[in-house]
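Read in order, the letters of the sequence shown are residues -21 to -1, 1 to 164 in mature numbering (1 follows the signal peptide of the UniProt record, and there is no 0). To start, the structure under review is shown below, and the notes come after it.
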Amino acid sequence: MPKKLLSLSTIFLFVCLHASAQEDLWRKPGQLKANISLVGVNANYELRLLKYATLNLEAGIEMGVSYSNGSYLGEEWEFALYPVFSAEFRQYYGIARRAERNKRIDNNAGNFFSFTGGYQGSPITTTDYYSPRGTTVFTPAWGMQRSWGRHFSFEGRFGVSFVTDDGYSNSVYPSVRINFGYVIL
């Protein structure tokens, strides 16, 4: 699986790098945001690497909730808070077209393809039966980021996550992320 994942990731990044060759607008060189979502809070810094490519570095705390019914543990809710760290490469596209149509492009508003690598650490606090192992996640995705006023933003991202549970198991999950953010810098 690692060789297939590496091959797919390389092809995906190649496509992302060539998605916006003809656009000539300037992107914000960097921005710091505080975000809130349904599963946690985080802070991220998005750094411009190339004209339409950015690196989004993120750290935060998220929660996990599950319900067990009929297992040897009985009926029980499980809960955990855990630290998350990720680095996401984003390739924006369609920026010139958005500007021509008088749509907002400030605060890196636009559509993008991304590839995220992240680590979800061991829980900070948990119920008795929640798994204490960390997980590594790789997610190719499509997303959009929009500005509301000068400081508020909305971000939606949809993709597929490839998850490894510290070497114990591998899984594939759909990935949906919705964030509301405040642009600090």
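Note that beta-carbon positions come from the ideal geometry of N, C-alpha and C, so glycine has one too. The model shown is predicted, which means the values in this text are computed figures rather than measured ones.
Taking the CA atoms as reference points, Leu28 sits about 34 Å from Ser148.
Each of Leu34, Tyr31 and Gly39 was checked against the Cα of Leu17, and the nearest Cα belongs to Gly39. Short of 6 Å from the beta carbon of Thr118, and not among the five residues preceding or following it, lie these beta carbons of its own chain, in chain order: Thr95, Gly138, Ser140 and Ser154. Bridge pairing for Tyr61: Glu41 [DSSP].
The C-alpha of Gly89 is placed about 15 Å away from the C-alpha of Gly128. Excluding sequence positions up to five before and after Val116, its CB lies within less than 6 Å of the CB of Gly97, Ser140 and Val142, all in the same chain and listed in chain order. Beyond the five residues adjoining it in sequence on each side, Val44 comes within less than 6 Å, by CB distance, of Phe58 in the same chain, given in chain order.
Between Ser93 and Arg156 a beta carbon distance of about 10 Å is seen, past the 8 Å cut, so the two are scored as non-contacting. Rounded to whole angstroms, the gap between the alpha carbons of His130 and Tyr161 is 5 Å. For a cut-off of 8 Å, the C-beta gap from Ala13 to Leu36 is around 14 Å, too long to register as a contact.
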